[in-house]
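Chemist: Can you read through this structure? Questions will come right after.
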Amino acid sequence: MKTNSFAPAPCLSILRLKGLIFLSVAALLIFTLFSSSLFCQNLVPNGNFEGGTCAQVGSSGGGFAPWFTVGPSHTADAFGRCGNTPGPGGGCCGGGAGIQVRSKPGTNLGNWVEYLEIQLTTPLVAGQTYCVEFYAATRNNVSTYTFIPIDKIGAYFSPTKVSGLANTAGTYTSGGTSGWVMDKVTPQIVNTPGNWITKSSCVKISGSFVAAGGEQYMVIGNFSLAANTPCQNGSDCDSYVSIDNVSVTAGACSPPFSLTATPLTSNICTPQCVTLTANPVGENGIFKYSWSPGGATTQSISACPTTTTNYTVTVTSTKGCATKTLNAVVTVNVSSCSNPSVTANNVTVCSAGGCTNITAIGSGGQNPYTYSWTPGPLAGSTVNVCPSSSTTYTVIITDGAGATGSNTASVSIGAGLTPTITGNTTICAGQTTTLTGNGGTSYSWNTGATTNSITVTPNNTITYSITATTGGCTGSAIATVTVTQAPIPTISGATIICSGQSTTLTATGGGTYSWNTSETTQSIT
3 MKTNSFAPAP CLSILRLKGL IFLSVAALLI FTLFSSSLFC QNLVPNGNFE
53 GGTCAQVGSS GGGFAPWFTV GPSHTADAFG RCGNTPGPGG GCCGGGAGIQ
103 VRSKPGTNLG NWVEYLEIQL TTPLVAGQTY CVEFYAATRN NVSTYTFIPI
153 DKIGAYFSPT KVSGLANTAG TYTSGGTSGW VMDKVTPQIV NTPGNWITKS
203 SCVKISGSFV AAGGEQYMVI GNFSLAANTP CQNGSDCDSY VSIDNVSVTA
253 GACSPPFSLT ATPLTSNICT PQCVTLTANP VGENGIFKYS WSPGGATTQS
303 ISACPTTTTN YTVTVTSTKG CATKTLNAVV TVNVSSCSNP SVTANNVTVC
353 SAGGCTNITA IGSGGQNPYT YSWTPGPLAG STVNVCPSSS TTYTVIITDG
403 AGATGSNTAS VSIGAGLTPT ITGNTTICAG QTTTLTGNGG TSYSWNTGAT
453 TNSITVTPNN TITYSITATT GGCTGSAIAT VTVTQAPIPT ISGATIICSG
503 QSTTLTATGG GTYSWNTSET TQSIT
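The sequence shown runs contiguously to residue 527 in our numbering.
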């Protein structure tokens, strides 16, 4: 059977079999499902590859106990403590196991890939969410071998041991023959596209999934054919990575590491101070803090600058052997400022229970301002009040530096609004009259008119009403216009007389009379 080998370190040679390489480990730890430590127990034994001898797995020395392999000629590479130090890009956390994850046809490495397999300490529980994490780094170049980062890697969980991947001829291949089955399974955890497994540092691969139940074997590797595995340099490539710090724990993975610092901007007056706080999220790791200027190493600091200063907090998250560092910047603006002052308007309402707005205007000190009122509690520069009696309100202004000032606003109860209507309210049928509203600034008549005066010609007695408004106060008045119908007079008396005789004519049917002879009495002779 053809093998390929290279020796990058004096302690170990790296033996390569043209085929699919699998590592498997038996569960040695007893884990009780109902234990209170369920959500922190790593179900992967020897997940950091620190146990066992320095021999390669599969050799007579065993190596990586309690790991074992499918066949005696299938070896994985031991890094870190075994002296086979591959450099910054070859091992994570000072150790790990190395596997081929992509091969370029026609090279000495052959057309194959490798996988790490492990048996969990206890089968997964159906319906339970699990967090899977491991770290990977691309191996530094060795001799004539150039390794390029890829982003295709993941973890597949199976209820049974994944083995016997040879085709009917008994050979292994990474091609598309019947012997290749790892590209036919769907891994539960896949790396994010573009999260290249670099040489410069360990890359965290993580994800959460809900177990179907009974899964107890985990396989780590590339589950895509070379044609579907892009290389970071954009061309065909070989890729070899070290895997370390593998963990499977109950519960969802923590969110990605992020950092904010608060308050983002502060305004103070000398010699005041402000508390600045770093707010890291994610990783569920151990956070270390460093503030500049000052060098403080606490999560919060009290900053008392005498001039405007930008503060930078550097937070390092350490989980396992991987570290991540983020920075956040906050600004403290410093002024030599006086205390703020505030003015407020006095208002009169029409009657008890009437509502009105009162407004405060701040000046001086440091923006922004906040306002609080008593009696209340009320907040804001403008507030709406409805006092049942004349009331004095006190407003307190607080500026951006915490300095305060105060003032008062009075709300008085007025006598209300009493409009009147003037004009001729007794007319004869067919006549017109003008009615005028008084005592307001705006008016509304029941005729729909909105002027202060209306001219009407009613045929019958009718009542008119007006609503007057002034400064939010309203009042109403009415006026009844009495319409008198025209009289029908009659004249009685002798209408036939002899010359020289006299007669008396009498008018009836009216109230006052006017004769064409100029008399204004009821009767004329």
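We put the CB at the ideal spot given by N, CA and C, even for glycine.
Excluding five sequence neighbours on each side, which residues of the same chain lie with their C-beta closer than 6 Å to the C-beta of S343?
Modeler: Here the set comprises S365, G366, G407.
Chemist: Quick one: what does DSSP say A99 is sitting in, helix, strand or coil?
Modeler: Reduced to three states, the DSSP call for A99 is strand.
Chemist: Applying the 10 Å Cβ sphere with the 16-neighbour rule, what's the burial state of G511?
Modeler: The residue is exposed, with fewer than 16 neighbouring Cβ atoms inside 10 Å.
Chemist: Which residues does DSSP list as the beta-bridge partners of P282?
Modeler: DSSP, once it has assigned bridges, lists L261 as partnering P282.
Chemist: So, with DSSP's three-state summary, where would you put K567?
Modeler: Outside the shown range of the chain (3 to 527) lies residue 567, about which nothing can therefore be said.
Chemist: Rounded to whole angstroms, what is the Cα-Cα separation between P151 and G284?
Modeler: Between P151 and G284, the C-alpha separation is close to 26 Å.
Chemist: Give the range of the beta strand (DSSP E) segment to which K163 is assigned.
Modeler: Note, K163: premise wrong, no beta strand (DSSP E); not H, not E.
Chemist: Near T422, which residues of its chain fall below 7 Å by C-beta distance, leaving aside the five closest residues on each side in sequence?
Modeler: Same-chain partners within the cutoff: N440, G441, A479.
Chemist: Where does N359 sit, in a helix, a strand or coil, going by DSSP?
Modeler: Reduced to three states, the DSSP call for N359 is strand.
Chemist: Run the CB neighbour count on P370, radius 10 Å, all protein chains shown included, and call it buried at 16 or more, exposed below.
Modeler: Counting Cβ neighbours within 10 Å, P370 comes out exposed, since fewer than 16 surround it.
Chemist: In this structure, does DSSP put A481 in helix, strand or coil?
Modeler: Note: A481 maps to strand in three-state DSSP.
Chemist: What did DSSP end up calling K206 once you bin it into helix, strand or coil?
Modeler: In this structure, K206 counts as strand in the three-state DSSP scheme.
Chemist: In terms of DSSP beta bridges, what is T438 paired with?
Modeler: According to DSSP, which records beta bridges pairwise, T438 is partnered with T424, S455.
Chemist: Buried or exposed for S37, please, with buried defined as at least 16 other CB atoms from any protein chain shown within 10 angstroms of its CB.
Modeler: Bear in mind that a pLDDT of 36 at S37, under 50, signals an unreliable position, so the number given afterwards is only what the model happens to contain. Looking at its Cβ environment, which holds fewer than 16 other Cβ atoms inside 10 Å, S37 is exposed.
Chemist: For the beta strand (DSSP E) that contains D240, what are its first and last residues?
Modeler: No beta strand (DSSP E) contains D240, which DSSP labels as neither H nor E.
Chemist: Cβ of N247 within 8 Å of Cβ of Y158?
Modeler: The answer is no: Cβ separation not under 8 Å.
Chemist: For the putative contact between S302 and T316, defined by C-beta atoms under 8 Å, what is the C-beta separation to the nearest angstrom?
Modeler: Contact flag wrong, Cβ pair sits at about 15 Å.
Chemist: Helix, strand or coil for A403 per DSSP?
Modeler: It is coil, neither helix nor strand.
Chemist: Roughly how many whole angstroms lie between the Cα atoms of F211 and N224?
Modeler: When rounded, the distance between both Cα atoms is 18 Å.
Chemist: Where L35 and S160 are concerned, what is the direct C-alpha to C-alpha distance, given to the nearest angstrom?
Modeler: Its pLDDT being 32, under 50, L35 is placed unreliably by the model, and nothing is read from it.
Chemist: Could you tell me the distance, in whole angstroms, from the CA atom of W293 to the CA atom of T299?
Modeler: Computed Cα separation, rounded: 6 Å.
Chemist: Considering Cα atoms alone, identify which of T424, I429, T476, T376 is closest to S446.
Modeler: The shortest C-alpha separation from S446 is found at T476.
Chemist: Rounded to whole angstroms, what's the CA-CA distance from T361 to A254? Just pull it up for me.
Modeler: Between T361 and A254, the C-alpha separation is close to 52 Å.
Chemist: List, from N- to C-terminal side, the beta strand (DSSP E) runs of 3 residues or more that fit wholly inside the segment 480 to 513.
Modeler: Here the runs fully enclosed are 492 to 494, 507 to 510.
Chemist: Would you mind sorting A330 into buried or exposed? The rule is 16 or more other CB atoms within 10 Å of its CB.
Modeler: That one is buried.
Chemist: Is T527 buried or exposed, if buried means 16 or more other CB atoms sit within 10 Å of its CB?
Modeler: So T527 ends up on the exposed side.
Chemist: Please list the terminal residues of the continuous beta strand (DSSP E) segment that includes Q301.
Modeler: Per DSSP, Q301 belongs to no beta strand (DSSP E) and is neither H nor E.
Chemist: Go through the segment 312 to 380 residue by residue and report every complete run of the beta strand (DSSP E) that reaches 3 residues or more, in order.
Modeler: Entirely contained in the segment 312 to 380, the beta strand (DSSP E) runs reaching 3 residues are, in chain order, 324 to 337, 343 to 346, 349 to 351, 358 to 365, 372 to 376.
Chemist: According to the neighbour-count rule (16 or more other Cβ atoms, all chains shown, within 10 Å of its Cβ), is I32 buried or exposed?
Modeler: Note that I32 scores a pLDDT of 31, beneath 50, so its modelled location is shaky and nothing firm can be said.
Chemist: Quick one: using the 10 Å Cβ neighbour count with 16 as the cut-off for buried, is A411 buried or exposed?
Modeler: It is buried - the Cβ of A411 has at least 16 other Cβ atoms within 10 Å.
Chemist: Can you tell me whether DSSP reads A213 as helix, strand or coil?
Modeler: Three-state result, A213: coil.
Chemist: Just the C-alpha distance for A403 and L328, rounded to the nearest angstrom, thanks.
Modeler: Roughly 29 Å between the two C-alpha positions.
Chemist: Taking the beta strand (DSSP E) that C233 belongs to, which residues open and close that run?
Modeler: Careful: C233 lies outside any beta strand (DSSP E) and carries neither H nor E.
Chemist: Return the first residue and the last residue of the beta strand (DSSP E) that A1 is part of.
Modeler: This structure cannot settle anything about residue 1, because the visible part of the chain is limited to 3 through 527.
Chemist: Please classify Q503: is it buried, with 16 or more other beta-carbons within 10 angstroms of its beta-carbon, or exposed?
Modeler: Classification of Q503: exposed, given that the 10 Å Cβ count is below 16.
Chemist: Would the beta-carbon of S516 fall within 8 Å of that of T508?
Modeler: No.
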